[in-house]
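Q:
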Amino acid sequence: MMNKPYDWDALWSPIRLSLQVTVLASIVVIVLGIAIAYWMSKSKLRGKVIIETLFMLPLVLPPTVVGFLLLVLLGRRSWIGRFIEWLFDAPVIFSWWAAVIAAVIVSFPLVYQTMKAGFDSVDRSLQDSARSSGASEWQVLRYISLPLASRSIRTAYILGFARALGEFGATLMIAGNIPGRTQTVPTAIYVAVDSGDSTTAWILTGTTVFISFLLLLFARK
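Written as structure tokens, this is what we have:
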């Protein structure tokens, strides 16, 4: 009796979706991280510590808690969820866009903290000299702060990419686990282990470990 051929198409689907979600989420979160970290690094706002603590909360909260809060915030019972559904004629919940949102939220603390440290290390006298010479805040950011914090930007992007790639709990809560639509590599591994498909679990696990190892190795260099 011939063995049934392995379904490589079903294996590729979660990998493709994970890369799609991760690339988009990493771009969104690095832009947000740069903008917010730069603003916070020069801000003297009262209550700054409280705001930064809120930014870091997703790093310590259980992913299922983050997913539940997003589910309440973006669900059909919330005005935000209803507005999104009216705007795009489709709910964001249980779509691959929901997976992107979950990945952005959980990876933001790592990106923000890394970028904040990078901007804090920039010599303030250089920035002040540029401002006194007539440079706008955008020019200070583009020509001084970003080049001097470029190493932190690369590290922040890599850490954000790796965190988004491995996101499981919040994604499962808000995007579900629909094969071909919202099933990412972490959720596919969970299903494979639960169903006893060790071959798929090992292939997906090995792929994730290899990619994560390369990303962390590059970040350390």
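At position 132 of the sequence shown (counting the first as 1) the number is 217 in our numbering, and the numbers step up by one without a gap.
We put the CB at the ideal spot given by N, CA and C, even for glycine.
If alanine 120 sits next to alanine 249, beta carbons under 8 Å apart, how far is it from one beta carbon to the other, in whole angstroms?
A: In the sequence shown, residue 120 corresponds to position 35, counting from 1. In the sequence shown, residue 249 corresponds to position 164, counting from 1. Contact flag wrong, Cβ pair sits at about 18 Å.
Q: Tell me which same chain residues have a C-beta within less than 8 Å of the C-beta of valine 150, skipping the five on either side of it?
A: Sequence index remark: in the sequence shown, residue 150 carries index 65 (1-based). Closer than 8 Å at the Cβ level, and outside the excluded window around valine 150, lies no residue.
Q: Where do the N-terminal and C-terminal ends of the alpha helix (DSSP H) with threonine 149 fall, by residue?
A: Taking the sequence shown and counting its residues from 1, the one referred to as residue 149 is at position 64. First-last of the alpha helix (DSSP H) with threonine 149: 148-159.
Q: Quick check on the DSSP output: the alpha helix (DSSP H) that includes isoleucine 178 runs from which residue to which?
A: In the sequence shown, counting from the first residue as 1, residue 178 sits at position 93. Looking at the DSSP string, isoleucine 178 is not in any alpha helix (DSSP H), and its letter there is neither H nor E.
Q: Buried or exposed: which applies to methionine 86, given that a residue is buried once 16 or more other Cβ atoms fall within 10 Å of its Cβ?
A: Here residue 86 refers to the residue found at position 1 when the sequence shown is read from its first residue. Summary for methionine 86: the model assigns pLDDT 41, below 50, so the residue's position carries little reliability, and this model does not support an answer.
Q: I need the straight-line Cα distance from aspartate 208 to alanine 202, nearest angstrom please.
A: By one-based count along the sequence shown, residue 208 stands at place 123. By one-based count along the sequence shown, residue 202 stands at place 117. Using only the alpha carbons, I get a separation of about 12 Å.
Q: What are the boundary residues of the alpha helix (DSSP H) that includes glutamate 137?
A: What you label residue 137 is simply residue 52 of the sequence shown in a count that begins at 1. Where glutamate 137 is concerned, the enclosing alpha helix (DSSP H) stretches over 133-145.
Q: How would you call valine 157, buried or exposed, if buried means at least 16 neighbouring beta carbons within 10 angstroms?
A: By 1-based counting over the sequence shown, the position of residue 157 is 72. Valine 157 is exposed by the Cβ-count criterion.
Q: Mapping DSSP to helix, strand and coil, what is alanine 75?
A: Residue coverage of the chain in this structure runs from 86 to 306, which leaves residue 75 outside it and unanswerable.
Q: Between which two residues does the alpha helix (DSSP H) containing leucine 257 stretch?
A: Here residue 257 corresponds to residue number 172 of the sequence shown, with the count starting at 1. Its alpha helix (DSSP H) spans residues 254-259.
Q: Spell out a yes or no on whether the segment 261-273 and the segment 97-111 are touching, meaning 3 or more CB-CB pairs, one atom from each, closer than 8 Å.
A: The answer is yes - the segment 97-111 touches the segment 261-273, with three or more Cβ pairs under 8 Å.
Q: Indicate whether methionine 200 and serine 235 have their beta-carbon atoms separated by less than 8 Å.
A: Locating residue 200 in the sequence shown gives position 115, where the first residue counts as 1. Locating residue 235 in the sequence shown gives position 150, where the first residue counts as 1. Taking 8 Å as the Cβ cut-off, methionine 200 and serine 235 do not qualify as a contacting pair.
Q: Report buried or exposed for threonine 107, applying the criterion of at least 16 other Cβ atoms within 10 angstroms of its Cβ.
A: For the purposes of this step, residue 107 is taken as the residue at position 22 of the sequence shown. So threonine 107 ends up on the buried side.
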